[in-house]
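For reference, the structure discussed in these notes is given below.
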Ligand code: SF4
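Residue numbers (this note's numbering), protein chains in the order written: chain A, 210 to 839; chain B, 132 to 470.
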């Protein structure tokens, strides 16, 4: 497939075409790096590039200005072909101050272009960054392609006639940087100007300053003769269709809403603010004309309990959180397991334990999702593997919860939540019908037994308050709830030892049976005779896929299985694993999935771990596989 | 079409499940009072939901032929909030004890009251942990000797009504398990209130804290020890009507001899005062069940109901923007087409 890009009559004839580029904007957290990173991403998305992003910011809203701790960065990888990660190492680093330069320098390979705001290298800036010498002097940056640009002073100059206060003028320097990068990579200008216009409509001075700064950045690129020519990255030949750019938390929201609509159920979302899950609450709170009710609860426990109440009353009930919040919700989740009510828990994983790394990614809640409740309390676990795929994963979690009347854990993570990629907009009409029928009639003579089960799914009836004749009480105490083949399904309290054991087994069987209702293992083995299988789950999909491409480019064989369902596992997983001599399980934890598959299938799954709050690099996966291939 | 008029009886509200409280427990009389009252209220059993946490009192929903959830310790007000949020048309009653609601669930209680969710919250206060076999509770008096306080409790207790009033409750009342009529009158008022209602029920735990309220509830002392609050009436009590409540020079209500201040000197009870100061002061007239203690409705005011406001925001947005269109929202930002 080829893409015809209309030739821009103003195109600089010296423009050099690249197939991909990785850019990292880095500055102080007050410098607006996330904002310009987002803008650059949106522009590139609308331009038709494939892309992946990696925002990285401190947990503090304003860490001390100018310090290493306060550095915020945004990496974007744009390309003219299908890509799967935000890129291992940037080609270009924009450093707004010494701290941003130093904090990011370790990730730069020789030859990387560094564009540095030279106005912020005064002695006090160096002091704040803890530097004793000025890195712009001497030859510590000799391996790089360094451009120093006085961004602050040019910005202040460009805005001085607008009547903007000097402090505000300085703050527009991020738009200068954006303008410069837009020139360097031949990005369209108008969408940025339109966006500034809309965003700052209420603040005309800031609007004017940002516009002036952006234009100054572009003009600087064009006229300064510092850079000899611009570059371009052509649109990518993605699958035909309509695209938009999406971050994982938004895709999760759309998936939940799509599920509620398909299920024809009102959506209730109860949650407590927590990074990096809060955006789900923010976004759902806007959708009032969908009939969606959101409640910001007094605490994490209440959020889960409120959702359970809403589920009892017949809503699609959802709560969202991150690790520390999930700890608190454990007891309520176990209640929902005992009540057998549909309930989706979204866990946007972050670095732990305790407060850990609130703004960084990790996938170390798998064991918590699997076993983090007292008693034998199994529940299905669904995991998203790319930002846009959060849509499908959220829909699937709701489908299972509704069909099997069970809480379902949806695992995403900080990288997926905030990372962006193009999304082939789904055809909502083509989504499966997951609607549910509430009980309407007594099911045991003229009585209603809340635990009289569907013999196939083992799900119990969902009878909602307001329905005559179906009044019933359910609770967390063990109950007579077998409700199969004539056994008692009354839900009355039962402390009988035999009944308890039968109930424990039945709840386990109900979840295990879901293996018959989920896809087989997602397996990528081009030739079918690879020796090494890489097994992954969640957001490592991108890194593993990119690593595999490198291996295959060497004409070596390697297979990749990626799990979207972690409980139950796909029913063919054991067979798949046993087919390979060597199994590598890369995870951003200390080997949680590898332990689960070793225990379940007695296979020698080798764990490969990274717990640094950032995704694996493709080269790390590549190197590890090469090692295994010998 | 005419709807069949069915007269309900107490039996229609009995689940048939055998109640498992200790013989003689005060919970039985509260259950009977509620089951006898409900047929008089204009509610259908299918539109009633009883939600509870954990504890002796929390077994209550199992005995009601209504919808019910026996939840987890302390979380009943939150679970009930979810039910009411999802279905504002239902009558949601919340049952719990002093440990359940004021200790482990204190947070949920105060926030349900603050939000003014339309919940009818009944707290059976027996000043002890019953189900765990006799530890002191957040309403037990200082010095109480229990299994966990062999040398006497040094934990200063909560005054439940002060907590509720401090949490912005719009309806606050107190009754006790020895007087079915009083309970029913109080529960009826609670039911009629629109918004969050909190009722403290003095309840005797005859196994672990027997006679905790004897000092005010024994038949021969009740006259002098219970102060019935009646809206619009001077607050007056005593077997001969010889006692009353008047405000001192600091604005604090105090028990006085009527002869000392005259009837016109007595405080006239006003449930509807927007400012909760007086209700709060009345709640503190007695700080243990050894002093003359007010019962009845302390406060009954109107404030927007949480779930009604939620519904109103949905309706207003629907009116303004039309029904939500997910496909449109997904495609609302920048999109592009790959041919
Ligand atoms: S322990 Fe006390 S409160 Fe509990 S059932 Fe027995 S008497 Fe009633």
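Ideal Cβ placement from N, Cα and C applies to all residues, glycine included.
For residue 206/B, at least one C-beta of chain A is nearer than 7 Å to its own C-beta.
Residues of the same chain with a CB within less than 8 Å of the CB of residue 361/B, apart from the 5 flanking positions on each side, are 400 and 427 in chain order. DSSP, reduced to helix, strand and coil, places residue 333/B within a strand of the structure shown. Excluding residues up to 5 positions away in sequence, 186 and 187 lie with their Cβ nearer than 6 Å to the Cβ of residue 262/B in the same chain.
For residue 474/A, the closest alpha carbon among the candidates 459/A, 443/A, 429/A and 527/A is that of 527/A.
Under the 7 Å criterion on CB atoms, residue 238/B is classed as interfacial with respect to chain A. Residue 213/B has a beta carbon lying within less than 7 Å of a beta carbon in chain A. With a cutoff of 7 Å on beta-carbon distance, residue 501/A and residue 476/A are scored as near each other. Looking at 250/B, 373/B, 279/B and 290/B, the one whose alpha-carbon comes closest to that of residue 339/B is 279/B. When CB distances to chain B are screened at a threshold of 8 Å, the residues of the segment 678-711 of chain A falling below it are 678, 679, 680, 681, 682, 683, 684, 685, 686, 701 and 702, in chain order. Close to residue 445/B, with beta-carbon spacing below 9 Å, are these residues of chain A in chain order: 497, 498, 499, 500, 501 and 502. Residue 484/A has its alpha-carbon roughly 14 Å from the corresponding atom of residue 264/A. Counting along the chain, the unbroken beta strand (DSSP E) around residue 286/A starts and ends at 280-288. Contact between residue 236/B and residue 208/B holds, since their C-beta atoms are separated by about 7 Å, short of 8 Å.
Setting aside the 5 residues that flank it on each side, residue 604/A is surrounded in the same chain by 464, 467, 468 and 640, each with a C-beta closer than 7 Å to its C-beta; the list follows chain order. Spatial neighbours of residue 293/B in its own chain (CB-CB distance under 8 Å, excluding positions within 5 residues in sequence) are listed in chain order as 411, 414 and 415. By the neighbour-count definition (other C-beta atoms within 10 Å, threshold 16), residue 307/B is a buried residue.
For residue 466/A, the closest Cβ of chain B is nearer than 7 Å. Collapsing the DSSP output to three states places residue 251/B in a strand.
Within chain A, the residues whose beta carbon sits less than 9 Å from that of residue 218/B are 519, 522, 523, 524, 673, 674 and 675, listed in sequence order. In this structure, the beta-carbon distance from residue 157/B to residue 315/B does not fall below 7 Å. Shown here, residue 414/B sits in a helix according to DSSP, grouped into three states. Between the ligand SF4 and residue 338/B, a heavy atom-to-CB distance of less than 6 Å is present.
Inter-segment contact for the segment 353-363 of chain A and the segment 319-326 of chain A is present: three or more beta-carbon pairs are separated by less than 8 Å.
In the displayed model, residue 277/A falls within a helix according to three-state DSSP.
Under DSSP, residue 746/A shares a beta bridge with 772/A. Counting only the Cα atoms, residue 743/A lies some 28 Å from residue 608/A. If only complete runs of 4 or more residues are kept, the segment 440-520 of chain A shows the alpha helix (DSSP H) at 457-472 and 487-495, in order along the chain. Each residue's CA atom was taken as its position, placing residue 430/A and residue 493/A some 41 Å apart.
Those residues of the segment 136-153 of chain B placed with their C-beta closer than 7 Å to a C-beta in chain A are 146 and 148, ordered along the chain.
The beta-bridge partner set that DSSP reports for residue 402/B is empty. Around residue 176/B, the beta-carbon contacts reaching into chain A at under 9 Å are 677 and 680.
Relative to the non-hydrogen atoms of the ligand SF4, the Cβ of residue 227/B never comes closer than 6 Å to any of them.
Contact of residue 475/A with chain B by beta-carbon distance below 9 Å involves 217. The Cβ-Cβ distance between residue 249/B and residue 326/B falls below 7 Å. Leaving aside the five residues that flank residue 293/A on each side, the residues in its chain whose CB is nearer than 6 Å to its CB run, in chain order, 751, 754 and 755.
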